[in-house]
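Participant:
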Amino acid sequence: MKQTGNRQFGHGLLGACVFGVIVAVGGLTLTAGGGIGGGSIGMTDPGRVHAHTPNPVPQPVANPGPCCDGKWRVFGINPADGMPDPGPKPEPIGGLAKNAGASPSRPSSGTRSGSVRVVRGGSSRGGSDRGHAARGTAASSRSGSAFVIDRLGMWETWWEHNDDRLLNIKANWARGNRPASVTSTLGVLTARGRRTMTTDAPPEWLVREKLMPLLSDLLEQEDEPLLLSAALMTLGRATPAGESRRVRPAMTEALAHDVRSVRATAALALGILGDAESAPLLRSLALDEPQGRLAVGGGSVDWLVRSVSALSLGLIGADDDIDVLIEVFEAAGPTDRDLRIAALVALGLMDGARKQTASEYLSGLLTDRHLDATVASYVPLSLARLGDPATVPVLVSLLQDDDTHSLLLQSAAIALGRLVRADDSKSLRTLIELSREGRDEHARNFATIALGRIGARATAGTQQGTPPTSLIAFFKDELKDPSHFTGRSWTAIGAGLFSRESALASTELMEPLRRAYRHESDPNHKSAFAMALGLSRAVGAGPEILDDLRDRKDETFRGYAAMSLGLLQHLEAMGDLSEIALSRSASPDFRRQAATGQALMGGREGLSELIEQLARDETTQGRAAATRALAVAGDWTSVPALLAIAESESESVASRAFACVALGLVCERSLMPWNLRLSEDHNYIASTSIMELVLSVL
20 MKQTGNRQFG HGLLGACVFG VIVAVGGLTL TAGGGIGGGS IGMTDPGRVH
70 AHTPNPVPQP VANPGPCCDG KWRVFGINPA DGMPDPGPKP EPIGGLAKNA
120 GASPSRPSSG TRSGSVRVVR GGSSRGGSDR GHAARGTAAS SRSGSAFVID
170 RLGMWETWWE HNDDRLLNIK ANWARGNRPA SVTSTLGVLT ARGRRTMTTD
220 APPEWLVREK LMPLLSDLLE QEDEPLLLSA ALMTLGRATP AGESRRVRPA
270 MTEALAHDVR SVRATAALAL GILGDAESAP LLRSLALDEP QGRLAVGGGS
320 VDWLVRSVSA LSLGLIGADD DIDVLIEVFE AAGPTDRDLR IAALVALGLM
370 DGARKQTASE YLSGLLTDRH LDATVASYVP LSLARLGDPA TVPVLVSLLQ
420 DDDTHSLLLQ SAAIALGRLV RADDSKSLRT LIELSREGRD EHARNFATIA
470 LGRIGARATA GTQQGTPPTS LIAFFKDELK DPSHFTGRSW TAIGAGLFSR
520 ESALASTELM EPLRRAYRHE SDPNHKSAFA MALGLSRAVG AGPEILDDLR
570 DRKDETFRGY AAMSLGLLQH LEAMGDLSEI ALSRSASPDF RRQAATGQAL
620 MGGREGLSEL IEQLARDETT QGRAAATRAL AVAGDWTSVP ALLAIAESES
670 ESVASRAFAC VALGLVCERS LMPWNLRLSE DHNYIASTSI MELVLSVL
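Number 441 in the working numbering belongs to position 422 of the sequence shown; there are no gaps in the numbering.
(1) Which value, in whole angstroms, describes the spacing of the CA atoms of R359 and L590?
(2) Per DSSP, what kind of secondary structure is V716 in: helix, strand or coil?
(3) On a CA-only basis, which of P408, L427, L245 is nearest A417? Give me that one, please.
(4) Straight-line CA distance for A288 to M252?
(5) Can you look up P412 in the DSSP assignment and give me helix, strand or coil?
(6) Can you round the beta-carbon distance between I709 and D321 to whole angstroms, since I take them to be within the 8 Å contact cut?
(7) Give the DSSP-derived three-state secondary structure of D442 in the structure shown.
(8) Spatial neighbours of R463 within its chain, please: C-beta separation below 7 Å, excluding the five flanking residues on both sides.
(9) Helix, strand or coil: which one does DSSP assign to M529?
(10) Taking Cβ to Cβ, would you say A257 is nearer than 8 Å to L230?
(11) Could you tell me the alpha carbon to alpha carbon distance between A260 and S297, rounded to whole angstroms?
(12) Tell me whether A441 is buried or exposed, calling it buried when 16 or more other Cβ atoms sit within 10 Å of its Cβ.
(13) Whole angstroms is fine: what's the gap from L618's alpha carbon to H461's?
(14) Below 8 Å CB to CB, which residues in the same chain sit around G406 once its five sequence neighbours on both sides are set aside?
(15) Taking only the alpha-carbon atoms, compute the straight-line gap between R534 and A592 and give it to the nearest angstrom.
(16) Report yes or no: do the region 178 to 185 and the region 688 to 702 share at least 3 C-beta pairs separated by less than 8 Å?
(17) What residue range does the alpha helix (DSSP H) around K499 cover?
(18) Pick out whichever of P353, E272, R302 has its Cα sitting closest to the Cα of G316.
(19) Determine the direct distance from the alpha carbon of E520 to that of T478, and round the result to whole angstroms.
(20) Using the rule of at least 16 other Cβ atoms within 10 Å of the residue's Cβ for burial, across every protein chain shown, is E711 buried or exposed?
(21) May I ask which residues mark the beginning and end of the alpha helix (DSSP H) holding A269?
(22) If you measure between the beta carbons of L498 and T488, is that distance less than 8 Å?
(23) Using CA coordinates, which residue listed in R404, A372, T615 is at the minimum distance from L381?
(24) For a minimum of 4 consecutive residues, which ranges assigned as the alpha helix (DSSP H) are wholly contained in the region 625 to 700?
(25) Along the chain, where does the alpha helix (DSSP H) containing K9 start, and where does it finish?
(26) Leaving out the 5 sequence neighbours to the left and right, which residues in its chain are closer than 6 Å to S525 when beta-carbon positions are compared?
(27) Would S378 be called buried (16 or more neighbouring beta carbons within 10 Å of its own) or exposed?
(28) Can you name the start and end residues of the alpha helix (DSSP H) that G621 belongs to?
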């Protein structure tokens with residue numbers, strides 16, 4: 020691996036690597052860091068953003084037009100226009116930003132204090148929502164040169180964190196749950212013609228003999244941080260079990276790279292690799308010990324590498340590291356928020372014989388009244404991942420305490436959705452009350468989702484039985500007469516989750532969902548009802564949703580309608596989805612959503628065109644959308660063409676990096692993305708740099 024001098028920032032158009040993508044649009048310098056929460060992504064070396072701030076500070080965001088995702092943040096006027104650039108640019112790390120190709124219809128997160136908010140709709144009971152300035156309400160305003168929109172209260176943000184398991188395309192194929200269509204008109208690679216779809220994972224020989232050597236060569240010969248980081252991430256997620264020793268030296272060497280983003284990516288890749296033999300080195304990095312300092316080339320290990328190393332210990336999950344993570348948490352000072360949060364999240368990933376030790380330690384933190392509110396909000400989430408039902412009473416008490424901080428309230432509601440049993444009437448009543456009357460909008464929304472999850476578990480997995488009538492009555496009532504009109508999308512998704520697993524709920528809620536969908540006019544809310552019908556497998560709704568896909572102009576709705584039709588296996592829509600996926604006039608993310616709908620039905624139309632777009636599209640958004648669509652397709656016959664792009668020196672650095680990322684997504688060892696354990700049931704309202712960065716990885 021070539022060394023490049025003391026470069027820290029400004030590595031071309033895309034920056035050093037994945038956790039952020041800088042691009043100039045419409046005279047504004049924007050960054051797609053991928054983090055959803057309102058806050059702290061603009062990082063300068065060596066400090067932390069908002070390290071001394073007790074609560075997350077929302078950032079202004081832009082609605083830059085049809086080419087950009089709602090998560091873009093405004094950092095100043097484009098210097099290319101001769102205007103001053105008042106703010107620091109983020110130092111991107113880890114891989115390419117997941118959100119770089121997302122739809123403009125997904126408004127961004129957060130506004131600065133004082134921004135005007137215009138709340139959609141009102142409330143039919145319990146007072147009016149109209150005119151409220153509550154944080155997180157889907158809203159927009161003009162603020163200087165930026166069009167400010169807060170997307171934290173919108174259901175799409177939750178969906179983006181949880182959709183991998185709900186769509187579950189690769190896992191369904193691997194288990195033999197074949198979608199209805201098993202052929203495609205897609206030609207193999209760049210050739211056209213009808214073929215039978217390839218459904219198996221890439222053969223290990225292809226990964227071992229083609230992919231791994233290519234990535235190793237890139238790490239040895241290239242010097243662009245973006246390309247190096249993409250190669251490291253792909254090695255971490257695609258290297259077959261038992262091959263860790265072949266790639267560990269290259270990752271360890273990258274820890275000493277002079278660009279911090281590459282060092283952090285190397286530490287993360289070691290965790291994704293799941294190599295237990297890397298744990299001692301990661302411990303030294305997380306604790307800033309001599310071995311860790313030596314590994315990074317001397318001097319203290321900076322906060323970012325330490326935080327990522329702690330998360331990597333959680334991904335590896337060795338019981339011995341529970342004590343190490345507790346030590347990391349306790350040794351970190353109050354200003355080391357990101358490091359402390361990384362340690363807490365890692366504790367929640369433990370799944371060995373000693374995970375009860377982690378649970379007991381985390382439970383003790385809930386009584387610490389002096390703990391920073393943002394840090395404290397990660398404790399219930401980790402407890403939920405550990406799955407300890409003994410923590411339910413204390414979490415319920417947090418919902419009942421008027422003094423509970425809003426961030427902690429939100430996280431407790433999320434956690435209870437994973438922990439509460441359907442026969443726990445007290446907890447159900449508390450969540451229903453919070454959903455209807457809670458003071459915090461986000462907590463209300465998360466409580467609604469939690470109720471849907473609890474109902475689903477009542478008839479699936481280990482809780483076989485009949486869901487309580489109180490849950491069915493709650494969703495029927497809310498679908499008919501919403502307590503808060505701004506929360507009706509959340510009611511739809513909660514009902515969809517419930518109906519997905521419960522035949523009784525499906526029978527009782529199907530018609531109310533269809534009626535609500537039919538009468539809904541707001542495209543964002545209508546999108547939620549379309550997805551709820553898809554999750555519920557309401558096959559009878561397919562023709563109506565297809566008609567709306569064809570007749571309506573709003574891409575917000577049409578993208579989700581496409582995925583809903585895929586969930587419904589509505590084969591009559593295959594031609595429409597193929598046309599959208601191949602359309603050059605449709606936005607990149609709309610095309611990706613159409614490709615997702617196709618994949619859900621077994622179609623892979625347009626794979627060769629997606630590969631061509633990956634190589635030739637000059638926009639970050641277009642490349643990112645193509646990469647995500649290839650990942651959704653999951654067809655390993657795309658590997659040779661992607662390898663050709665990645666190794667071609669005539670291609671741009673960005674195209675080669677995106678090809679590496681696509682290879683990692685297609686060839687990933689596991690059926691689910693490596694970071695699903697972090698993104699699923701995550702409280703993205705509790706913004707923090709380290710989680711925003713890690714969760715933004717494509």
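Idealized CB from N, CA, C, for every residue including glycine.
Computed from a prediction, not measured in an experiment: that's the story for all the values here.
Facilitator: In short:
(1) 49 Å
(2) strand
(3) Residue identity differs from the one stated: residue 417 is Leu in this sequence, not Ala. Nearest of P408, L427, L245 to L417, Cα basis: L427.
(4) 5 Å
(5) helix
(6) Contact doesn't hold; Cβ gap of about 12 Å is too wide.
(7) coil
(8) L453, S454, G457, H503, G506
(9) helix
(10) yes
(11) 14 Å
(12) buried
(13) The displayed chain sequence assigns Ala, not Leu, to residue 618. Taking the straight line from one Cα to the other gives about 32 Å.
(14) R437, L438
(15) 22 Å
(16) yes
(17) 488 to 499
(18) E272
(19) 6 Å
(20) buried
(21) 263 to 273
(22) no
(23) R404
(24) 626 to 635, 639 to 652, 658 to 666, 672 to 685, 695 to 698
(25) What is shown of the chain runs 20 to 717, which leaves residue 9 out entirely.
(26) S518, S555
(27) buried
(28) Segment: none, G621 is in no alpha helix (DSSP H) and carries neither H nor E.
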